[in-house]
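Peer 1:
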Amino acid sequence: MVITLALSSEELNDEHLQELTNELRKTLVEEAGIKAELVEGVSEERTRGEPITIGLIALTFLTSGAAVAMFDVFKSLFNRRKYLELEMTREDGKKITIKAENISLEDLKGFLGN
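Have a look at this one:
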C-alpha cells in the first residue's frame, strides 16, 4: 500500500516546510521502518538538482506494526509543532487529515486498514 503524506502549515515558509518534510521522512524510515521517499515534482527551467514537491512524502508500509510506529512519530512531531497539519491520501483516493488536536491511533489504523 502506498500512501501520500502532505505536510502543511500556515506558519512555515516553503524552505522550512521542506526541511521539516526531510526530517520527518528520515524519522519514519529510521524509527518506524517505513519506506518513505520524497515525491518528485515538475522541474522548472534553469534549476539544478532533482525537482521535488514541497511537503510531500510517499509512504510504503512494510510491517504490520507500521501504523503504531508512525503514530508515535506523528505524536512526537505534534508535541513539538502543534501548528502542523498532515493529510494522508490512499491509492483509492480516501483521505484523512491529522492535526495536533485530533490525532488518534484508532483513526489512523482504520484509515490504513489495520
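The numbering used here numbers the first residue of the sequence shown as 17 and each following residue consecutively.
Glycine included, C-beta positions come from ideal geometry on N, C-alpha and C.
1. Return the first residue and the last residue of the alpha helix (DSSP H) that Ala-42 is part of.
2. Could you tell me if the beta carbon of Ala-83 falls within a distance shorter than 6 Å of some heavy atom in the ligand MG?
3. Let me know the secondary structure DSSP gives Met-104 once reduced to three states.
4. What number of angstroms, rounded off, separates the C-alpha of Ser-24 from the C-alpha of Thr-76?
5. Alpha carbons only, please: which of Ala-116, Gly-126 and Arg-106 is nearest the one belonging to Asn-95?
6. Counting pairs of Cβ atoms below 8 Å between the segment 103 to 121 and the segment 32 to 50, do you hit three or more?
Peer 2: Reading it off the structure:
1. Reading the sequence as shown, one finds Lys at residue 42 and not Ala. Segment 30 to 48, the alpha helix (DSSP H) holding Lys-42.
2. What this structure holds is no ligand at all, so the ligand MG is not there to describe.
3. strand
4. 20 Å
5. Among Ala-116, Gly-126 and Arg-106, the Cα nearest to that of Asn-95 is on Ala-116.
6. no
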